[in-house]
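**Q** Got a structure for you, questions after.
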Amino acid sequence: MTNNGYRLIHTVEDLRYYLIQGMKIEHATIPPYLTALYSLKPGTNLEAFHIIRAVVVEEMLHLTLAANVFNAVGGDINGVLTDPEFIPEYPAHLPTGSVDFKVNIEKFSPNTVETFLNIERSKEVDKDAPLVLPRPELNPWLRILGLEETYTFYSIGLFYAEVIRGLQELHQEMGDDLFCGDPNKQITPEYYYDGAGEIVPVYDFQSAIRALRVIQEQGEGSRQQTIYDAERELCHYYRFQQLELGQYYSIDKNNPLNSDSPDHPTGKTFIVDWDAVYPVKTNAKLSDYPEGSELYDAAKEFQQQYYAFLGMIQASFNGSPQALIPAVGGMFKLKESAERLIRNPIPDMEGVNAAPIYRWNKEQK
Amino acid sequence: MIIKSVDCQTISNIVYDVVIVGSGVAGAIVAKQLSEQGKTVLILEAGTSEGLTLEGYQNNIETFYGALNKNSNSPYPLNPNALSPTDNTYGYFQEKGVLPLSGSYTRIVGGTTRHWEGKTIRMLPEDFKLRTNYGHGLDWPISYDDLMPYYRKAEYEIGVAGDTEEQKEAGAEFIDGYVLPMKKLPPSFLDGIVRKGIDQIEEVTIGKENPETIKLKLSTFPQGRNSIPHPDYQRPGYTDDQLIKDNFIPEGVASVHPVEYGERCQGNANCVPICPVQAKYDARRTLSTIAFPEKVHLLSQAVATQVDINPENGRVTAINYKQYKNISSSEYTVGTARGRLFVLAANAVENAKLMLASNLPSTSGMMGCNLMDHPYLLSWALLPTTKIAGTLRGPQVTSGLSTFRKGDFRKEQCAFAMSIHNDGWGWSGTGATDILQDAVDKKHKYGAELRNELITRISQQLLLDFMCELPANSSNRVTVDPQYKDQLGNYRPVIHYNVPDYCKKTMAYARKLSLQIFESLGAKDYSHYDKSDPAYFEYENEGYFFRGGNHFAGTHVMGTTKNNSVVDRNLRSWDHENLYLVGGGSMPSIGSSNTTLTLAALSFLASEQMLRDLKA
Amino acid sequence: MDIDTPDLMEYFLNFSAAVTGFSRFDLLGTGQASLYFSTIEGIIGGEIFRELLQTFHELYVRANSENDASILTEGITDEILMSGKLGPIASNIIKLWYSATWYQLPDPWREKFGARQNDTSFVVSPYAYPEGLLWQAIGVNPPGAKAPGYASWQYPPSVRLTSPKN
Ligand SMILES: Cc1cc2nc3c(=O)[nH]c(=O)nc-3n(C[C@H](O)[C@H](O)[C@H](O)COP(=O)(O)OP(=O)(O)OC[C@H]3O[C@@H](n4cnc5c(N)ncnc54)[C@H](O)[C@@H]3O)c2cc1C
Ligand code: SF4
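Written out as structure tokens, the structure is:
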């Protein structure tokens, strides 16, 4: 398949590059989701709590699946997650390159939910329409190698559509030589079964496609005009939409065709309490906190913890899958550190609380 | 998918293939097995069913968070229409014995596994012949070998994590090539500290007539909680000894989304009374993984009150129940459940109580007799502060001694297993918040000093429990008495219980052993057995108390004839051929194993016979 | 002075930091400060609560201006913890922060200073329970919340004994 004559992925290098971007995309959603999640006051907004939390856990799964594919095609993951640029500088465009919205790190609010819907949006495309729409971007995140113009993707799903297409093409060319990675670097279900759907270790073409499809579908659904994915679970977009509509969708697992149709949930209604939220600083920076204060130190410590967490994840993707287990423990600790920050008012900023800072700035030591 | 909740109206028009009383692990397994073979099933459940939804479960957690007294039933609202014993708190058990049975269970959907600790230990082959081998208690009509295939099914259903080799060393047998579904839970840091002391002791002797030398060695306990799946696991196949390669992944519990399903144990240290992440098996997991959930009807808030019999042939014709509207009112309606087969799975105490309330003591007269439990001796100390142990982390127990589970000493004194408590002294009656109150109110500690005081007195806590085997004895029993009824007019269990010297001797031995362990660790003994404790007793001039083990068994014991037992080797009532009594009540001995794995295995065994009956 | 003024909240946080051994950041990090403040006020009444906080505040100001920490530490013991009137309340505030539980004041206090209607033992709010400082102090998670992760229990604990500074 071609796009206006362009072939976006045509070498293994391209594919690996795309997969690194894929990992960035999956990860880029995590800080905003987590911050919104932790801004909820404990014991309130249980619907929002469970919906966001479930999505975050699935994003972690997607990151892991993308890493599995990357390792399977012989990518070298060392330095990928620990690259300071792995975390965008918020507000940021999604690394898909879409420029019509920006993602902030902020508290849970109607606006935030709107952004989440944008992140998870899907697009109906005709079979032969170009997957990639050429669009100029000023400060692009995703630069596509070997192309003069910057190409952007309307949605995460379309981005993966290109990855799948590229993979297919390369597999046709190279056969199973494409999967030259070390099989010991695959994350297997032993180390990853915490909900979220199944982890797919990738050893060949079939499993690579399966892994990529899980990522694609959990976000956006298996087909247009349906609200569920291949596992008959509600996809992310519609999960977030429930918060906007204050009503759950219902899925008939035995006969999914009897499920609710998009935009028309019929399940239980609930009330979102937009006020039961800590007023956290949007896109907080270290310089927002008085230097030398406990707040400053705690924020800095969080940054370090987060960096260490990414390091542990990277190690687990790099042949030490058992490191994933303490990494999950590390994530629990991050949650507590983040909550402590979020509950502390910033001195001299009326009614604004601190927020965790994820990105490690180059200027910092 | 979840089984179908129904109302009285619906069930009054149906004759089910099977009517089951109780949705605990025993009832849930029977429901799953039979419905998957196409049978229609009704479960009558005395408790409420709120825990089947995520929201309900969240409420349970919230209730627990808000409870002043965080006892084993604290997540579940007090239900005066179907009371649960809670260590003598509500006086549900009428204790008439020399010593109290005490302990607890939970009457709610999913039953007592909702708050069990989750140890899942097989009995040993010799435990099945307690009378023949050691001259105590009763023999089983079946052997360990007979039960083995069903143990494997139970281990699959519960999702047992454990070290198969360690279990072999303890004396359990496994067929070649079999390993437990998940790897053992890692021993705690505290276990590591205790191990050092135990290694110094090396060996001890036990028994007077034929003293035996026993080498002390710590090992882990198999547990029904999610760890790392074992890559070599093979699940039970379609014939008895067949094994099939299986990538074991623990299955989830009822809720809105899979992410809330049984996760890997995260060390919440709260297995009793509620695991916030559902890492621990409870019977809701069996109920929510039934393949054809529409075949299973659940009527909750329905307390079975009377078993009706056809006097001509002894067959059960119906089970009557009282369904209450809600837990805050004693209003109820009565109803009748009809079926071809009937299964009582309300637990050992409630099964016997229901039969006695229906005036069905059985030909042998043994209904309610042979009540067993594991009495626990506790011994507690503070470790020296040279190394901070960090007690209060991890699953309640990870390691202990299984070296006293077998041996010829069992002729003289009972077998036992020892556990190291990662959860500190709580069970002895002194919890972490008691220490806090003492430090603040009595010692006037504050600030940094207070923090140190708490580390010294909590993080260094060591509590050892010694779970002792109690052989069947017909004078330990459950009875009913019209004097003691609850607000729905149902009987409360009247308990007659005592602990024989056979066990007391082991408790005294265990106490000495614990002192030896404390000494080897440089730990200071803080055990105090208060005379005012209802379970206080003296043995050879020393005072002790024990704690109830919650492992109720023996009340409708299985045996070889209708004159020596209540049920046959398939758990079918001798007197009523379409009635099964499942659960610990059917066990003639309990060895030094917590009872649930064995009673789950028996539920699989009984289900096979039920299917044969239904075919006939 | 109005009990609701931010000043008293400040005094309360400083007092709490001094008696719990946790920093203001830690205390605010529990998210429970205002709930505890209003709970205490609601039970014992504004007057006596203010007396406690002002007694503390005076010590605090003096200790700072004279640059002598012992004024504060000795003052807390002599004038507050050992005081028949303020001592049991101060102890209750420590226990409140540590266990999210208000414990009924001791009988002698109730007899002497008057029993308060809401003075029963209770957990202040279900979601305060996991924020109890007791668990942080001994380096563990509150049982049933804030899980530390699989296998974390096999590693050495994070707490150690400190040598009290003052
Ligand atoms: C604190 C604690 C810790 C434990 N730890 C362990 C352990 O580590 N390992 C182990 O093996 N075991 C343990 N146990 C014991 C274990 O929980 C029980 O053995 C097991 O749950 C019994 O299962 P069951 O299905 O027979 O009965 P239950 O789980 O008690 O279920 C019986 C069901 O029947 C219902 N019911 C009762 N009466 C009626 C009625 N009249 N009508 C309708 N329904 C009724 C109840 O509501 C309940 O749902 C523990 C128990 C406790 C209390
Ligand atoms: S230790 Fe915690 S996570 Fe593990 S089973 Fe117990 S309560 Fe659940």
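Protein chains in written order, with the numbering used here: chain Y, 1 to 365; chain B, 1001 to 1616; chain P, 2001 to 2166.
Ideal placement from N, C-alpha and C gives every residue a C-beta, glycine not left out.
1) Heavy atom of ligand 2 less than 8 Å from the Cβ of Pro1276 of chain B, yes or no?
2) Are the C-beta atoms of Ser2038 of chain P and some chain B residue less than 9 Å apart?
3) Does the separation of the CB atoms of Cys1369 of chain B and Asn1541 of chain B fall below 9 Å?
4) Can you tell me where the beta strand (DSSP E) holding Ser320 of chain Y begins and where it ends?
5) Quick one, which of B:Lys1322, B:Gly1137 and B:Leu1298 has its alpha-carbon nearest Val1334 of chain B's?
6) In whole angstroms, give me the CA-to-CA distance for Asp1127 of chain B and Pro2126 of chain P.
7) Checking contacts by CB at 9 Å: is Asp2068 of chain P closer than that to chain B?
8) From the DSSP output, in three-state form, read off Ile1590 of chain B for me.
9) So does Pro2100 of chain P have its beta carbon nearer than 8 Å to some heavy atom of ligand 1?
10) Under DSSP, the beta strand (DSSP E) around His1421 of chain B begins and ends at which residues?
11) I think Gly1543 of chain B touches Asp1087 of chain B, with their Cβ atoms under 8 Å apart; what is that distance to the nearest whole Å?
12) Find the residues of chain B that neighbour His10 of chain Y, judging by a C-beta separation of less than 9 Å, and give them in chain order.
13) Compute the minimum distance between the beta carbon of Gly1118 of chain B and the heavy atoms of ligand 1, and state whether it is under 8 Å.
14) On the CB-based measure, 16 or more other CB atoms within 10 Å of its CB, does Asp1568 of chain B come out buried or exposed?
15) Please classify Thr1561 of chain B: is it buried, with 16 or more other beta-carbons within 10 angstroms of its beta-carbon, or exposed?
16) Does the Cβ of Pro949 of chain B lie closer than 8 Å to at least one heavy atom of ligand 1?
17) Could you check the C-alpha separation between Leu46 of chain Y and Met1467 of chain B for me, to the nearest Å?
18) Using a Cβ-Cβ cut-off of 7 Å (strictly less than) and excluding sequence neighbours within five positions of Asn1564 of chain B, which residues of its own chain qualify?
19) Closer than 8 Å to a non-hydrogen atom of ligand 1 - does that hold for the CB of Val975 of chain B?
20) Decide if the segment 1336-1355 of chain B is in contact with the segment 1283-1293 of chain B; the criterion is three or more beta carbon pairs, one per stretch, under 8 Å apart.
21) What is the rounded straight-line gap between the Cα of Phe86 of chain Y and the Cα of Ala1082 of chain B?
22) Using three-state DSSP, classify His2057 of chain P as helix, strand or coil.
23) Which residue from P:Ser2091, P:Gly2114, P:Tyr2036 and P:Gly2139 puts its Cα closest to that of Ala1439 of chain B?
24) Just to confirm before moving on: does the CB-CB distance between Ile1274 of chain B and Ile1517 of chain B stay below 9 Å?
25) Whose CA, out of B:Gly1135, B:Ile1142, B:Arg1152 and B:Pro1100, lies closest to the CA of Ile1121 of chain B?
26) Pro189 of chain Y versus chain B: which residues are under 8 Å apart at the beta carbon?
27) Examine chain B for any beta-carbon lying closer than 9 Å to the beta-carbon of Asn2141 of chain P, and answer yes or no.
28) Does the distance from the C-beta atom of Lys102 of chain Y to that of Thr115 of chain Y stay below 9 Å?
29) Sorry if obvious, but does the Cβ on Pro1181 of chain B come closer than 8 Å to a heavy atom of ligand 2?
30) On the criterion of 16 or more Cβ atoms from any shown chain inside 10 Å, does Gly291 of chain Y qualify as buried, or is it exposed?
31) Distance, Cα to Cα, Pro1276 of chain B vs Ile1193 of chain B?
32) Since Glu1095 of chain B sits in a beta bridge, which residues does DSSP pair it with?
33) If the criterion is Cβ atoms closer than 9 Å, does the pair Gly181 of chain Y and Ala72 of chain Y meet it?
34) Could you check whether Tyr1233 of chain B and Met1182 of chain B sit closer than 9 Å to each other, using their CB atoms as the reference points?
35) Opposite His1297 of chain B in the DSSP bridges: which residues?
36) State yes or no: is the beta carbon of Glu350 of chain Y nearer than 9 Å to at least one beta carbon in chain P?
**A** Reading off the structure:
1) It does: the Cβ of Pro1276 of chain B is within 8 Å (strictly closer) of some heavy atom of ligand 2.
2) False, the Cβ-Cβ gap to chain B never drops below 9 Å.
3) No; because the gap between Cβ atoms is not below 9 Å, this pair is not in contact.
4) Here Ser320 of chain Y belongs to no beta strand (DSSP E), and DSSP marks it neither H nor E.
5) B:Lys1322
6) Cα to Cα, Asp1127 of chain B sits roughly 45 Å from Pro2126 of chain P.
7) no
8) coil
9) At residue 2100 of chain P the sequence reads Ala, which differs from the Pro that was named. No, Cβ of Ala2100 of chain P sits at least 8 Å from all heavy atoms of ligand 1.
10) Phe1416 to His1421
11) Rounded, the Cβ-Cβ distance is 20 Å, inconsistent with contact.
12) Within chain B, no residue comes near His10 of chain Y; the closest Cβ sits about 36 Å away, beyond 9 Å.
13) yes
14) buried
15) exposed
16) With chain B running from 1001 to 1616 in the structure shown, residue 949 of chain B is simply not present.
17) Per the coordinates, the alpha-carbon of Leu46 of chain Y lies some 41 Å from the alpha-carbon of Met1467 of chain B.
18) Ser1364
19) The first residue shown for chain B is 1001 and the last is 1616, placing residue 975 of chain B beyond what the model contains.
20) no
21) 57 Å
22) helix
23) Out of P:Ser2091, P:Gly2114, P:Tyr2036 and P:Gly2139, P:Ser2091 has the C-alpha closest to the C-alpha of Ala1439 of chain B.
24) no
25) It is B:Arg1152.
26) Pro1229, Asn1247 and Ile1249
27) yes
28) yes
29) no
30) Note that residue 291 of chain Y corresponds to Glu in the displayed sequence, not to Gly. The Cβ neighbour count for Glu291 of chain Y, taken over all protein chains shown within 10 Å, is under 16; the residue is labelled exposed.
31) 28 Å
32) B:Ile1495
33) yes
34) Yes, Cβ-Cβ distance for Met1182 of chain B and Tyr1233 of chain B is below 9 Å.
35) B:Lys1004 and B:Leu1042.
36) Not an interface residue.
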